[in-house]
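Undergrad: Listed in order, the protein sequences are those of chains W and S. Numbering of the first sequence is given in numbering that gives the first Met the number 0, commencing with residue 0 and proceeding in unit increments. Numbering of the second sequence is given in numbering that gives the first Met the number 0, commencing with residue 0 and proceeding in unit increments. There's a structure below that I have some questions on.
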Amino acid sequence: MDDKIVTQGLNAYFGDVHAIKGIDIHIPSNAITAIIGPSGCGKSTLIRCMNRMHEVMRGARVTGKVLLDGQDIYSSQMDPVLVRTKVGMVFQKPNPFPTMSIYDNVVAGMRLNGERNWRKLDAVVERSLKLAALWDEVKHQLDASGVSISGGQQQRLCIARALAVEPEALLLDEPCSALDPIATAKIEDLLFDLKDKYTIVIVTHNMQQAARVADFTAFMYLGELVEFGVTKKVFENPDKELTEKYITGRFG
Amino acid sequence: MNTYEYRKLKNTLASGLALACVILALIPLIYILAEVVMKGAPAMSWEFLTRRTTGTGEPGEGIGNAIFGTLLLVFYAALIGLPIGILTGIYVSEYGNNKLGTIVRFFNDVLANFPSIVVGLLAYALVVAYLNVGFSLIAGSVALAIIMIPIVANTTEEALRMVPNSLREGALALGVPRWRTVLKVMLANGRAGIVTGALLAVARVSGETAPLLLTAFYSSYWSLSPTEPIASLPLTIFRNFNSPSEVLLQQAWGAALVLILLVLTLNIGVRLLMKSKAKKSKAVKMKWMTRLSRKA
Ligand SMILES: Nc1ncnc2c1ncn2[C@@H]1O[C@H](COP(=O)(O)OP(=O)(O)OP(=O)(O)O)[C@@H](O)[C@H]1O
Ligand SMILES: [Mg+2]
C-alpha cells in the first residue's frame, strides 16, 4: 500500500512553544488513520501541518518535510492554496459560513474561486450532500442559512463543503466531539464509505471510535509520536507501555 | 436576610442605578431635540428649503444652497474617505501583524483624537494654500475625509476582529486564497459593523464646523464647482447665530433641524438599503432552490 502523506523530521512551533517534536509518520492511502493522545499532545497541530494550516496562526513555524504523494508541501515552489485544495480539513467545532445558505456553503470553495456555471454547482451540491449523508435532510431547505440546522447537520455540511472541492485526503479534527451518538454514528458510516476514494486522518479522544473506524492508529504524547500501527495491534498488543496505559485508562 | 435575597436586592439596586443614569443621560438629549424642533419648525417652508441665502435677513430667503453644499461636501468626503478608511482597516486587521501594522494603528488612534480645527488647518495648508486651490468644496471635502478615515478604519478593524477566526480558517482550508477570504468571507460577516462605522463617520462629519471655516468657507450662491467656496449647514448655523436679526436667528434653528433630519434620514436610508439587498439575494437563491427541488 502507498503512503499518501509522509512527514520527515517534522517540528512545529507556536513562538517558543515546541508543539511537534521531530515526527516521522506515514499516512497510508485509502485508509482511515486515527490519531489519539492526551489533550495538548499536539494532535491538532500535527494534522494542521499536513495542509499548511499551521502557519496561518500568528507566530507559528514549521520545520522538516511533509510529503504529499512524494512532493514536499513545504518546498518554496509549493502553493499553500493548492495544497489545501488537495488536503481538506474539517474542524472540531462546525464552522459553516453564517452569511451563506446551505447551498452556498457546499460550493463555497468553488464559488469563492470564481466558478459561476450553475449546472456544475447544482451537480456538486447534490453529489456532496449525498456523500455526506445530508441530502435527504436538507434538500427542501437549501436556501436556509448554514447555521440554521443542528450541530450534527452542520458538521456534515462542513464535510460536504470539504468534499465539494474534491480533495485527495481529508483531515478531521475531533469531528464528533460536539455530536450525539446518532450523529456520530452517521459520520462514522460516512467515513467508512469515503475511504475507498479518500485518505482520511481523524483526531479523536474517543478510544472506541478509533477502534471502530480506523485501520491504523497513531498514539502521541507530549509532541512526540509514541506508537503507530494497525489499529488492532495498537489496541490489543501495543509495543510501548505508555500506549497500553493510555488505552486502558491507567494514565498519569 | 439570606444570601439569595441579599443578592436579589443588590441586583435590583444596581439595575435601578443603571436606569437612573440612562434617564439622566437622556434628559439633555431630549431637551436639545425638543428645543431644536420647537424653534426650528416655524422656519420650515418650501422657500426656506429651496431658496438660497442672501444673508441680509430679508423674509423669504432660505438655506437651499447650504443643504446642497453639505450634501456635496459629505458626498465627496465619503468618496475619498470611505475607501481609504475601509482599506486601512482591512490592512490593519488582516495583514497588520507586523511593524507597519502597529505604526498604522498608532497613527490612526492619534488622528482619531485630533482636534478637528487642526485637521482644518492641515487641509488649508495643503489644498487651499499649497495647491493654491483657494477656499473650495474640494478643500472642505479633504478636511472632512481626513476626519472620517480613522473612524472608518477603526470600526472596520473592530468589525473584522469580531468575525470568528474559525470562519477565516474554514475558508482558507477550502483552498481559498487569503485575499478572497478577506473579501468574500470576512467582509461579508463583518458587513454590518463596517456599514455602521461608515455611517457613524458620515454623521460625524456632516456636523463639522471648524474645519469648514478654514477650507470650504462660505458662499451665498448655488455652486457645483469643486474649486469654489461653498455653503454648508453648520456654517450657516454658526454665522446666523452671531447676527442680531431675528429672522437670521430663526434660520439658524431651522438649519439645525434640517441637519438633524438629514443625519437621521441617512441612517434610516442605509438600513433600508441593506434590508432590500438581503431580499434581493434571497430572490436569486429562490431560483436555484426551485431548480433543485424539482429534481429532488
Ligand atoms: N495558539 C497557540 N499558541 C501557543 N501555544 C499553543 C497554541 N495552540 C496550541 N499550543 C500548544 O501546542 C501544544 C499542542 O496543541 P494541540 O492543539 O495540537 O493539542 P491537541 O493534542 O490537539 O489537544 P486537544 O486534544 O486538547 O485538542 C499544546 O501543548 C499547546 O500548549
Ligand atoms: Mg486539538
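Think of the CB as a built atom: it goes at the ideal place given N, C-alpha and C, for glycine as much as any other residue.
Cβ closer than 8 Å: which chain W residues qualify as neighbours of N64/S?
TA: Correct list: empty, because the minimum Cβ distance to chain W is about 43 Å.
Undergrad: Taking all protein chains shown into account, do 16 or more other C-beta atoms lie within 10 angstroms of the C-beta of E114/W, making it buried, or fewer, making it exposed?
TA: Answer is exposed; the Cβ neighbour count stays below 16.
Undergrad: State the Cα-Cα distance for the pair L178/W and G150/W, rounded to the nearest angstrom.
TA: Approximately 7 Å between the Cα atoms of the pair.
Undergrad: Looking at C-alpha atoms only, which residue of L247/S, N266/S, N164/S is the closest neighbour of V201/S?
TA: Per the Cα distances, N266/S.
Undergrad: Specify the secondary structure class of R270/W as computed by DSSP and reduced to three states.
TA: Nothing in the structure corresponds to residue 270/W, since chain W is present only between 0 and 251.
Undergrad: Please state whether the Cβ-Cβ distance between T32/W and I186/W is less than 8 Å.
TA: Taking 8 Å as the Cβ cut-off, T32/W and I186/W do not qualify as a contacting pair.
Undergrad: Measure the CB-CB distance between A215/S and S231/S and report whether it falls below 8 Å.
TA: Contact flag set, yes.
Undergrad: At the 8 Å Cβ level, is N10/W part of the contact set with chain S, yes or no?
TA: Chain S contact via Cβ: absent.
Undergrad: Can you pull the DSSP bridge partners for D172/W?
TA: V202/W, per the DSSP bridge assignment.
Undergrad: So, under 8 Å CB-CB, S140/S and Y75/S are touching, yes? Tell me the CB distance rounded to an integer number of Å.
TA: That belief holds up - the Cβ atoms of S140/S and Y75/S are roughly 4 Å apart, short of 8 Å.
Undergrad: If you compare alpha carbons, which of Q7/W, V61/W, G21/W, A30/W is closest to L170/W?
TA: Of Q7/W, V61/W, G21/W, A30/W, the residue nearest in Cα terms is A30/W.
Undergrad: When you compare only the Cα positions, how much space is there between I193/S and D68/W?
TA: Cα to Cα, I193/S sits roughly 44 Å from D68/W.
Undergrad: Exposed or buried, Y220/S, counting other C-beta atoms within 10 Å across all chains shown (16 or more means buried)?
TA: Exposed, by the Cβ-count rule.
Undergrad: Can I148/S and G196/S be called in contact, C-beta distance under 8 Å?
TA: For I148/S and G196/S, no; Cβs fall outside 8 Å.
Undergrad: Which residues are close to ligand 2, meaning CB closer than 7 Å to any heavy atom, in chain order?
TA: So the residues near ligand 2 by this Cβ test are K42/W, S43/W, Q91/W, D172/W, E173/W, V202/W.
Undergrad: From the DSSP secondary-structure annotation, give me the bridge partner or partners of F218/W.
TA: According to DSSP, which records beta bridges pairwise, F218/W is partnered with I35/W, E226/W.
Undergrad: For ligand 1, any of its heavy atoms closer than 7 Å to the Cβ of A152/S?
TA: No, Cβ of A152/S sits at least 7 Å from all heavy atoms of ligand 1.
Undergrad: Bridge partners of M147/S, per DSSP?
TA: Looking at the DSSP assignment, M147/S forms no beta bridge with any residue, so it has no partner.
Undergrad: Is the beta carbon of L211/S closer than 8 Å to that of P233/S?
TA: Result yes, Cβ atoms of P233/S and L211/S sit closer than 8 Å.
Undergrad: In the DSSP assignment, find the unbroken alpha helix (DSSP H) run with T53/S in it and report its ends.
TA: From DSSP, T53/S is part of no alpha helix (DSSP H); its letter is neither H nor E.
Undergrad: On the DSSP bridge assignment, give the partners of D2/W in chain order.
TA: D2/W pairs with P27/W.
Undergrad: If you count every other CB in all the chains shown that lies within 10 Å of the CB of N236/W, and 16 or more means buried, which is it?
TA: N236/W comes out exposed.
Undergrad: Going by the C-beta, is M52/W closer than 7 Å to any heavy atom of ligand 1?
TA: Because no heavy atom of ligand 1 lies under 7 Å away, the Cβ of M52/W does not count as near it: no.
Undergrad: Along chain W, which residues have their Cβ under 8 Å away from the Cβ of R179/S?
TA: Within 8 Å Cβ-Cβ: L111, N112.
Undergrad: Following a CB-centred definition, is G36/W positioned closer than 7 Å to any heavy atom of ligand 1?
TA: It does: the Cβ of G36/W is within 7 Å (strictly closer) of some heavy atom of ligand 1.
Undergrad: From the DSSP output, which residues share a beta bridge with Q70/W?
TA: Q70/W is bridged to L67/W.
Undergrad: Can you give the Cα-Cα distance for L199/S and E125/W, rounded to whole angstroms?
TA: Between L199/S and E125/W, the C-alpha separation is close to 43 Å.
Undergrad: Establish whether the CB of P27/W and some CB of chain S are separated by less than 8 Å.
TA: Answer no: the Cβ-Cβ gap between P27/W and chain S never drops below 8 Å.
Undergrad: Could you list the residues in the region 84 to 105 of chain S with a C-beta less than 8 Å from some C-beta on chain W, going in chain order?
TA: Answer set for the region 84 to 105 of chain S: N96.
Undergrad: Comparing C-alpha positions only, which one of A210/W, L241/W, D214/W sits nearest to V225/W?
TA: It is L241/W whose Cα lies nearest to the Cα of V225/W.
Undergrad: Tell me whether M88/W sits in a helix, a strand or coil according to DSSP, three-state version.
TA: Strand at M88/W.
Undergrad: Tell me the rounded alpha-carbon separation between N164/S and L248/S.
TA: Each residue's alpha carbon lies about 54 Å from the other.
Undergrad: Taking buried to mean at least 16 other C-beta atoms within 10 Å of its own C-beta, is D172/W buried or exposed?
TA: Result: buried.
Undergrad: Considering only their Cβ atoms, is the gap separating A143/W from I101/W smaller than 8 Å?
TA: Going by C-beta atoms, I101/W is nearer than 8 Å to A143/W.
Undergrad: Could you pull the DSSP bridge partners for H17/W from this structure?
TA: Bridge partners of H17/W: Y12/W.
Undergrad: Following a CB-centred definition, is M56/W positioned closer than 7 Å to any heavy atom of ligand 1?
TA: Indeed, a heavy atom of ligand 1 lies less than 7 Å from the Cβ.
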